[in-house]
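Beneath this line is the structure, given in structure tokens, with notes to follow.
Next up, the structure:
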């Protein structure tokens, strides 16, 4: 592989691995509100936020770091009161109890308005913040922190919700194939991958917090192991670690998680599954870092087809696919075995729904983690779902074309039903 191509893929890798304090969907709204507030002076009058249904769904039930509150209104208000947009996904990680009280007052005064246009199909946030002196609009598109417009004035032209802005990340990553990704993982300087160690350490730290959650999923899973109902192997270790970290994060932990492609839970799935397999197999640190690089790059590739947000569970599908590929590589698999692992995941659990971020995601993340390992192990033994089955295909690109079509076209109506169920009866 050319040096130039390695350089581009390393840039992609570095751009999609970043710490986040809290679930990235409400944090994206907090970031937008904080950025808007930083652009105007005067006393807050109100803020109007429009956002796509997928982002709304993901932010509806999840805990906000440092508070007992949940949802978008408090996230936006915290961004206004205490947000530091220069900190990106950690925009509200330093909020104090006083900040939370001020934010709750803004919400109680009904100064935060949230609307969700049904015909918006890509990640989208429009924040219009008004003070007694000025008014500003901030538009975010395609990626959580990808601000494409900041305008000040009295009136704004309606934004075309379906305007197709170029998604450079998706364009860049789709120029490559599986062989490119494997070559990159094998030839990139290991020193350039050292930052991935931070992801392991960070996600292990939040997992330890999750282990302390009384009657939590991981705590009870550990009891199942100690009582010999479940084996103490790399699959159960990965599931316990992932469940613990996810449960802590979804409950509103202040601790950051290292993300993968805009998602903390997907970062947890990738980093902690790979760490568990490495621990149980005793592979070298270098091999682990190279496997992690492959896992993350393939996760990003998958999401370039399914979308930044999706009706499908990104942990099970995108991160599950990437993690299974990484496990196969970690265990010595070649391109055929890696593709087999990917096909096994796509052919078995595609269609698992995303019904929003919440503590229950811990169970899905655990499932995705363990299943990714199992599908890689089966591929390593030559057991692979035939490419004539279902939506599978005989080449890497077509496989993801099919998965993207299923996700964006086939499951569009499913997302509307999920939203209706989540919001019925004032839930």
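Numbering (our numbering), first residue to last: 52 to 478.
Ideal Cβ placement from N, Cα and C applies to all residues, glycine included.
Between the C-alpha atoms of residue 245 and residue 70 there is a straight-line separation of about 15 Å.
Between residue 345 and residue 315, the gap from beta carbon to beta carbon reaches 8 Å or more.
Per DSSP, residue 290 is not a residue of any beta strand (DSSP E); the alpha helix (DSSP H) it occupies stretches across 285-301. As a beta-bridge residue in DSSP terms, residue 70 pairs with 309.
Shown here, residue 388 sits in a helix according to DSSP, grouped into three states. A direct Cα-Cα distance of roughly 29 Å separates residue 466 from residue 291. The stretch 425-435 makes contact with the stretch 384-392: 3 or more CB pairs, one atom from each, lie closer than 8 Å. According to the DSSP assignment, residue 269 belongs to the alpha helix (DSSP H) that extends over 268-277. Look at residue 403 here: in three-state DSSP terms it is coil, with no helix or strand label. In this structure, residue 368 sits away from residue 359, with a CB-CB distance that is not shorter than 8 Å.
A contact between stretches requires three or more CB pairs, one per stretch, nearer than 8 Å, and the stretch 274-289 meets this requirement with the stretch 326-341. Unbroken alpha helix (DSSP H) runs of no fewer than 4 residues, entirely contained in the stretch 335-359, are found at 336-357, following chain order. With contacts defined as CB atoms closer than 8 Å, residue 96 and residue 182 qualify as a contacting pair. For residue 474, the enclosing alpha helix (DSSP H) starts and ends at 463-474. Rounded to whole angstroms, the Cβ separation of residue 198 and residue 86 is 7 Å, and the two are in contact under 8 Å. For the stretch 149-227, the full-length beta strand (DSSP E) segments reaching 3 residues or more read 163-166, 175-182, 186-192 and 198-203 along the chain. When DSSP states are grouped into helix, strand and coil, residue 233 belongs to the helix group. Contact between residue 116 and residue 82 fails: their C-beta atoms lie close to 13 Å from each other, not under 8 Å. Just measuring C-alpha positions, the residue of 269, 341 and 190 sitting nearest residue 242 is 341. Taking C-beta separations shorter than 8 Å and ignoring five residues to either side along the sequence, the partners of residue 88 in its chain run 95, 130, 131, 134 and 180, following chain order. According to DSSP, residue 98 shares a beta bridge with 163 and 180.
A Cβ-Cβ contact shorter than 8 Å links residue 408 with residue 110. For residue 426, the enclosing alpha helix (DSSP H) stretches over residues 412-431. With fewer than 16 other Cβ atoms inside 10 Å of its own Cβ, residue 472 counts as exposed. Nearest to residue 310 by C-alpha distance, out of 383, 411, 78 and 164, is 78. Sixteen is the threshold: when 16 or more other Cβ atoms of the shown chains lie within 10 Å of the Cβ of residue 372, as they do, the residue is buried. Close CB contacts of residue 475 within its chain, under the 7 Å cut and outside five residues either way in sequence, are absent.
Spatial neighbours of residue 228 in its own chain (CB-CB distance under 6 Å, excluding positions within 5 residues in sequence) are listed in chain order as 447.
Between residue 238 and residue 57, the gap from beta carbon to beta carbon is short of 8 Å.
Shown here, residue 130 sits in a helix according to DSSP, grouped into three states. For residue 167, the closest of 160, 176 and 159 by C-alpha to C-alpha distance is 176. When DSSP states are grouped into helix, strand and coil, residue 314 belongs to the strand group. Collapsing the DSSP output to three states places residue 112 in coil. Within a 10 Å sphere around the beta-carbon of residue 277 sit fewer than 16 other beta-carbons, which makes this residue exposed. Rounded to whole angstroms, the separation of the alpha carbons of residue 334 and residue 102 is 44 Å.
Between residue 362 and the set 90, 104 and 75, the nearest pair of CA atoms involves 104.
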